[in-house]
Structures are given as structure tokens and as C-alpha cells.
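Only one structure is covered here, and it is reproduced in the block below.
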Amino acid sequence: MDPRKKAFPLSRHGATYVAALAFVLGTVTSPSRADGDAPFKYPKPTKGTVTDDYHGTKIPDPYRALEDPDSPETRAWVEAENKVTMPYLAQIPERQAIRDSLEKYWDYEKYGIPRKRGGKYFYQRNDGLQNQYVLYTMDALDADERVLLDPNKLSKDGTVALTDYAISEDGKWMAYGLSKSGSDWKEYKIKNIKTGEDLNDTVEWIKFSGASWTKDSKGFFYSRYDEPTKGAELQQQNYYQKLYYHKINTPQSKDELVYQRPDEKEWGFGSEVTDDGRFLIINVWKGTEPKNLIFYKDLTKEDSQIVELISVFEAEFNFVDNVGEVFWFKTDFHTPRSRLLAISVENPREQKWKEIIPQVTATLQSVSSVGEKLIATYLTDAKSKVAIFSTMHPMEAAHLDGTVDLPGIGSARGFAGRRDDTETFYSFSSFADPGTIYRLDVASGEKREFRKPMLGFDPEKFETKQVFYNSKDGTRIPMFITHKKGLTFNSQNPTLLYGYGGFNISMTPRFSVSNIVWMNMGGVFAQACLRGGGEYGQEWHDAGRLLNKQNVFDDFIAAAEYLIKSKYTVTEKLAIAGGSNGGLLVGACITQRPDLFAAALPAVGVMDMLRFPKFTIGWAWTSDYGDPVKEEKHFKNLLGYSPYHNLKPGTAYPATMITTADHDDRVVPAHSFKFAARLQEMHSGAAPVMIRIETKAGHGAGKPTSKRIDEAADKWAFLAKNLKMTNVKEHLGQ
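All residue numbers in the sequence shown are consecutive under the working numbering, ending with 738.
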């Protein structure tokens, strides 16, 4: 996320602040439909009288009861909402053709980027329509593959997902994490790689943590929370994470507590054993702001103490590698677009730090240490660039050896490995092509295709361009626009504008089968790189968070206005979409500019900006949003754009389909439930305002293919009807 710093005055929100305070309570209406269909009859949940006091301001919360997902009242409301939404979607004539097309194009072989550990290769593959990717192993690149773990066999409906895995140093064991129904909670099991059999070990109550094996392959480090209150697993706040060591063939109750901070309930701990096995690197995080601490422990010395190397939350330090006592970190310390620094633990004073790769104009995304080289991936206007450096000494500046040739506008990912590896793997993808996986010989720079998917469509029939437009305050914002070649700019193209704008996350080119089908339907797909993201480093992030958050919404609104001005589309043909923080983006924009969009698809969004810290990991988002309870200025700012609080009675809102899931323990479904109930109450127009509630699904990760296809079909059908798209079946060849 990155700023062009311009703090906006609270007075900008004077009108919406007053409107939010009014918070008129009314009853749900059932407007007549403009297209002649029967009026919608939305459910009317019981409204309560709960009122909260924020810094002397009374704020009613009439739909507080919907925060309890298991109450009879909430269950009845969910069932009633789905009885409105599902029949509406089912009767849309184009839906089946859209779903058939999605299934057709989804059905191609998909590969993950290989990893090499213990002399073996590991990678994930999906035959096409499998609900979950299958994990394979090979002894050599030209050897036969063998299934190591097939998550599709762990549940009938495909809702058990493999979230991550770690291979022991000797290649004998695999610790792997499983998640059920999309929850962030996961449990680890241990598999014998040769026999495929599992040990009896089960390690539970893990969130926001991986596993890292010790050099002797006898166990691994991981972080967990205490077991939550029974029945509150999906809502209870997550505090006091602890770092443990698990020794194989022992019960979890015997795990060694490595580190905890009872005085710092918000601290979390990531752990990584260095490739030489000497050190345990502890990454201490607090919230979602990219600032962390770095501690370490010498694993070669019995009862060694944990040493605080970086002890102040003032910058991001990502561990890359070590050469003996010298640690390399990718960091934005005094350099908002990041660089590579070397710190010797023998003399760790800041004055002795050495710059290995300097900051440049492009944003440094990552650095990997492979084959005695440093491979650096950059973003230039949100597009990938890759450079290769060599070093003669761990405390001396690296030398640029060359670059990796990338074919056009897209995203490069991968380049993992170790310093003694001779090869690495990476992928390059674009909006219209899932891309190819390449093997790179690090010493020679020679690359060759490892896997290239066989597609049911021709990526060359689509084109992507990058444009730049000015936001409300004059800041230059990049945007990608993708569509089928030969598009006529006649202001009549159905257009979907997508954005995120938060948490230092960069919106780079990404492939989506769903978007291919959307464009085959005659649609344009636009992705704006909003402030709050990481496209231009930490300054870009800062310009879209806390008291600057309104900049994000202004950037998105300006993107919509650019698309209309440039004759891609008109309001009647324009839809917006986003998920999670992007769901907040969509919610805020339809409450601020309901006249600008014809349709909206907010997914798993943060909609109640006054109560988000009260559930699961929501407290961690205060680094981007601010704390409404602790600071009055943040309360006023949040109230000024909170989607739930800024819906106004008698307003005609765009056709809206909110999507959420009953097992989302990241952004709990209460956000969407409350927003939907109030939207239906306030809405005066004829357009449908609905909520689609998925069962046995979570925030998005691990969602089965079948559920992804169904959800995409419903979204595109909803847009086809409400953007009045014509000849959809003909466009899809049906």
C-alpha cells in the first residue's frame, strides 16, 4: 500500500457524519420491479434497541442480533434470504449457459510451482475440475510422479483443503495443514513420504502459522492459539499466540513452549529455521501493518536465549538468508520501496548495517537466495520485473548480473530455493493466460518450460492495456483494462471494475477463468491499483489507510468516471466488485455514489467499521483502519465511511448481490448480514438488493472448485440481468 501523502480533513465527511448519526430506523420495503417482475419481499429481521456510546456519541445498532450466527432468529433469516436470492438467480435465462461455459474453460490441467527438498520435487496439480489440488512428488524431473496427498478423498463435498506443507530436511517426513469448510483454523498431521502413512501426531488450533523443521528432521516449530471456547471457534477474538516446538511421535501436550508474551496479547510469531540449521528466526508481527520485529535463537547451543535483533516496530524486515552470522533482510527501513540489508549478529548496531541491493524507482517485492545468486522481483507500475545479482562477500554490495526476460504485462512468482541449489522455478501469468511454469538454471541463466497448460480458449484473442488517470486530489493512478480484441468504444460495453486498496497488497495482473467467461460474454474487465496497496511501496500504502482511507474510495470512483469518460461504458452498464477489504471498498462506494454504478458485488466485506475489532482477528486491522474505541478521531473517520452506518432511507441503490459464507472466521458473516438487512430496509429503487450465503465455506481460501463455479455463475448471471446484457448465449457460443 503506498501513499502520495495527502491527509484529508474530517470536514470532508461532515454531511455523511451527520447522516450516519441520524441512523434512521425503519421497516423493510418491497419496491415494485421496473421490468415487470413481481415485487421483492425481503425478510424483516427483528430490530433491536441496542445503542453504543462512542466518545459521547450514541450509535444505534438495530441488527445486532444478526451477529450471532447460530441463534434461531439468524438461522431463520439466512434461510429466508436464500429463498429470495436463489430462485431469482435460478430463473435468469443466461445462468445455465454461463455455468456451462465456466465449467468448460475451468477444465484444464493446472500446476503449482515445484519445490525441491530432501532430494525430491514436490508440486500440486489439478486435473481440471477437481475440487482441491492434489500434492505430488517426484525423485527427478524426468521420473514418474506419485500422489502424496489427495485432499479430495478427505471429504465427500471437497471442503477439506490442504493449506500448506513443509518437508523435513532428510526428505522423510511431511508436516501438512488441513482446513475444513474454509475456516482459518487448521490442524497439522505428519506423513511418512516413502510409505504415505500418517503418524498419530495431530497438532491443533493453528492460525496464521506455517511449520519449519529443524535440521535433524526430528520436529518442527509452529505457532498456535489456546483452544477457543466451544461453540465460539468462528467468532472469538484471537489473542496471545504462542510459539511451540513439536517433536514427532509425541502428543501435542508434550510440545515445548519456545516463546510467548503474556504482556503483549496482540503479538504473533512466525518461525523459520535457517537453511544451515543454525538459527531459528522469529518474526514478531502485530496486526496487519507491515512492521515487525526480528528475534533469533542459536539452535546449535543448548538452552540458548532468544535474542532481540530488531526490537522496535518501525519497518518491515523479511528474512532472506544467512551466511554464517550475517543475516540478509528485505526491508523498507528508511527506503519506502525497499532494499536488501545485511546485519551481522556479531555486531548488530545500525551503524554497521550494510546495503546489499539498494532502493531503486521500482518497488522491491521479494528477494530469494538461490545458487549463490540473489533473485529480486520488482513491480514497475504494478507489472513484474526480475533481476539477478551476485555477491562476493555477505557484507558487500551485490552486482547486477542480468534480468529474467518476461513476456509483456504480467506477474512473475516463485524463484524459491537454497543457496546450494542449481535451479529454481517460476511462473509468469497475465489477465488472459494462466501462464507457463519455467525452470531456470541459475548459473547459466538458461530457462525452459516445465509445464504449459493446454487451454480451451486462445489467450491471443484478448488484449490488456495499462492506463493512468487522475484521482480527486490529482494523484496519478494506474489501471489495467482487459477485453476481447476488436472491442468498439461506443460507451455500451458491460464493464466490471475491480479493486482492493488496502493492507499493502498489490493488485498485479492475475488470471481468472471467471474473467475469461465475463469477457467472452462481451464484458470489459478493469482492475484499478488504488492507494492503500503496495504497488509503489510504503508511501502508497500510507496514502490509503487510517485518516487517508477516503483516498481509496476517491481513487475507485475516479476509475469509474474514467471508464465512462473514455467511452468504455456508461453508468447503466457499469458494475463494481471487490472482496474482504475490497468488499468494504464496494460498500463505501455505493453508499457515497449510488448514482454512479448499475450493479455491485461486495464479497465477504468489512461493513461495520465500528465493531470489526471485536471478532476473531479483526483487531489486527486497526493498523489500516484505526481503532474506533481508543481514539475519537478514528471513530469519526470510520463512521464517515462505514457502509452499514451510511445507508440512507429512500435511496435507490445499485442492483447489489452481497456474498458471504457461514464459516468465514476472517471477516465474520455478521458484517454482510447486518449490511444486507439495512440495505434492504433503506433501498427505495426497483433493482434487487440481495445476499447470497454460502454454506460450508469461508473467506475464500480452499473453496472447492464446484462452489467457485456456482458462485461465479450466479454473479455473472446477476450482472447479465441487471446490466441488461444482450446476446450472452450467442457470445458464449451456445
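Using N, Cα and C, we set each Cβ at its ideal position, and we do this for glycine too.
Closest Cα partner of residue 285 within the set 215, 119, 136, 626: The residue you call residue 285 lines up with position 281 of the sequence shown. The option with the nearest alpha carbon to residue 285 is 215.
Minimum length 3: unbroken beta strand (DSSP E) runs contained in the segment 436–466: 440–445, 451–455
Stretch-stretch touch, CB-based, cutoff 8 angstroms, three pairs: the segment 497–507 with the segment 580–593: Yes, the segment 497–507 is in contact with the segment 580–593.
Spatially closest choice to residue 718 from 93, 247, 237, by CA coordinates: For this step, residue 718 is matched to residue 714 along the sequence shown. Cα-wise, what sits closest to residue 718 is 93.
Distance between residue 151 and residue 736 (C-alpha atoms, nearest Å): Position 732 of the sequence shown, counting from 1, holds the residue named residue 736. Position 147 of the sequence shown, counting from 1, holds the residue named residue 151. Here the alpha carbon of residue 736 sits roughly 36 angstroms from the alpha carbon of residue 151.
Burial state of residue 145 (16 or more Cβ within 10 Å): In the sequence shown, counting from the first residue as 1, residue 145 sits at position 141. Residue 145 comes out exposed.
Terminal residues of the beta strand (DSSP E) in which residue 722 lies: On the sequence shown, position 718 is the one that residue 722 refers to. Note, residue 722: premise wrong, no beta strand (DSSP E); alpha helix (DSSP H) at 709–726.
Best match in 356, 324, 320 for proximity to residue 340 [C-alpha to C-alpha]: The count along the sequence shown starts at 1 and reaches residue 340 at position 336. For the residues 356, 324, 320, the minimum Cα distance to residue 340 belongs to 320.
Delimiting residues of the beta strand (DSSP E) encompassing residue 528: Indexing the sequence shown from 1 puts residue 528 at position 524. Looking at the DSSP string, the run of the beta strand (DSSP E) that includes residue 528 is 528–532.
Where residue 351 falls, given that 16 or more other Cβ within 10 Å makes a residue buried: For the purposes of this step, residue 351 is taken as residue 347 along the sequence shown, with counting starting at 1. With fewer than 16 other Cβ atoms within 10 Å, it is exposed.
Test item: CB-CB of residue 122 and residue 202 under 8 angstroms: The residue given as residue 122 occupies position 118 in the sequence shown. The residue given as residue 202 occupies position 198 in the sequence shown. No, Cβ-Cβ distance for residue 122 and residue 202 is not below 8 angstroms.
First and last residue of the uninterrupted alpha helix (DSSP H) at residue 628: Residue 628 sits at position 624 when you count from the first residue of the sequence shown. Taken as a continuous stretch (DSSP letters only), the alpha helix (DSSP H) holding residue 628 covers 626–629.
C-alpha gap between residue 411 and residue 513, whole angstroms: In the sequence shown, the residue the question calls residue 411 occupies position 407. In the sequence shown, the residue the question calls residue 513 occupies position 509. Distance between the alpha carbons of residue 411 and residue 513: 13 angstroms.
Outcome for residue 80 when other beta-carbon atoms lying within 10 angstroms are tallied against a minimum of 16: Taking the sequence shown and counting its residues from 1, the one referred to as residue 80 is at position 76. Exposed, since its Cβ has fewer than 16 Cβ neighbours within 10 Å.
Residue 28, buried or exposed, once every other Cβ within 10 Å from all chains shown has been counted against 16: As a position in the sequence shown, residue 28 is number 24, starting the count at 1. Any reading at residue 28 needs caution, since the residue's pLDDT is 29, under 50, leaving its predicted position unreliable; the model's value is listed next. So residue 28 counts as exposed.
Residue 727 burial status per 10 Å Cβ neighbour count (16 or more: buried): Translated into positions along the sequence shown, residue 727 becomes position 723. With 16 or more other Cβ atoms within 10 Å, it is buried.
Per DSSP, the bridge partner or partners of residue 117: Taking the sequence shown and counting its residues from 1, one reaches residue 117 at position 113. According to the DSSP secondary-structure assignment, residue 117 is paired through a beta bridge with no residue.
Bounding residues of the beta strand (DSSP E) (the contiguous stretch that carries residue 299): Numbered from 1 along the sequence shown, position 295 holds the residue referred to as residue 299. It spans 296–302 - the beta strand (DSSP E) in which residue 299 sits, taken as one unbroken run.
Helix, strand or coil at residue 796 according to DSSP, with G and I counted as helix: The question about residue 796 has no answer, for the chain in this structure spans 5 to 738.
Straight-line Cα distance separating residue 129 from residue 115: Position 111 of the sequence shown, counted from the start, is the residue given in the question as residue 115. Position 125 of the sequence shown, counted from the start, is the residue given in the question as residue 129. Between residue 115 and residue 129, the C-alpha separation is close to 5 angstroms.
Cβ separation of residue 454 and residue 441, assumed to be a contact under 8 angstroms, to the nearest whole Å: If you number the sequence shown from 1, residue 454 lands on position 450. If you number the sequence shown from 1, residue 441 lands on position 437. Going by Cβ atoms, the distance from residue 454 to residue 441 rounds to 5 angstroms, so yes, they are a contact pair.
Top-ranked residue by Cα proximity to residue 55, from 637, 614, 620: Taking the first residue of the sequence shown as position 1, residue 55 is located at position 51. Nearest option by C-alpha distance: 614.
Backbone CA spacing between residue 517 and residue 489 [nearest angstrom]: Looking up residue 517 in the sequence shown gives position 513. Looking up residue 489 in the sequence shown gives position 485. Going from the Cα of residue 517 to the Cα of residue 489 covers about 17 angstroms.
Backbone CA spacing between residue 698 and residue 664 [nearest angstrom]: Mapped onto the sequence shown, residue 698 falls at position 694. Mapped onto the sequence shown, residue 664 falls at position 660. If you take the alpha carbons of residue 698 and residue 664, they lie about 6 angstroms apart.
DSSP three-state assignment for residue 256, whether helix, strand or coil: Walking along the sequence shown from the start, residue 256 turns up at place 252. If DSSP states are grouped into helix, strand and coil, residue 256 belongs with the helices.
Inter-stretch contact at 8 angstroms, needing at least 3 Cβ pairs: the segment 315–330 / the segment 277–295: yes
Run of the alpha helix (DSSP H) containing residue 587, from where it starts to where it stops: Along the sequence shown, read from residue 1 onward, the residue named residue 587 stands at position 583. Taken as a continuous stretch (DSSP letters only), the alpha helix (DSSP H) holding residue 587 covers 585–596.
CB contact flag (residue 337, residue 347, <8 angstroms): As a working note, residue 337 is residue 333 in the sequence shown. As a working note, residue 347 is residue 343 in the sequence shown. No, Cβ-Cβ distance for residue 337 and residue 347 is not below 8 angstroms.
Minimum C-alpha distance to residue 424 - residue among 433, 447, 617: Reading the sequence shown from its first residue, position 420 is the one you call residue 424. Taking only the C-alpha atoms, the option nearest residue 424 is 447.
Spatially closest choice to residue 394 from 388, 387, 404, 619, by CA coordinates: One-based indexing of the sequence shown puts residue 394 at position 390. Out of 388, 387, 404, 619, 404 has the C-alpha closest to the C-alpha of residue 394.
Residue 731 classed as buried or exposed, judged by whether at least 16 other C-beta atoms fall within 10 angstroms: Position 727 of the sequence shown, counted from the start, is the residue given in the question as residue 731. With fewer than 16 other Cβ atoms within 10 Å, it is exposed.
With 16 other Cβ atoms within 10 Å as the buried cut-off, status of residue 656: Start at 1 with the first residue of the sequence shown, and residue 656 comes out as number 652. So residue 656 counts as exposed.
At least three beta-carbon pairs within less than 8 angstroms, the segment 646–653 to the segment 563–573: With a cut-off of 8 angstroms on Cβ pairs, the segment 646–653 is not in contact with the segment 563–573, counting fewer than three such pairs.
Contacts around residue 463, its chain only, beta-carbon distance under 8 angstroms, and the 5 residues preceding and following it disregarded: Along the sequence shown, read from residue 1 onward, the residue named residue 463 stands at position 459. Excluding positions up to five away in sequence, the list reads 434, 436, 437.
Contact the segment 520–531 vs the segment 600–615: 3+ CB pairs below 8 angstroms: no
Helix, strand or coil at residue 518 according to DSSP, with G and I counted as helix: For the purposes of this step, residue 518 is identified with residue 514 of the sequence shown, where counting begins at 1. Residue 518 falls in the helix class under three-state DSSP.
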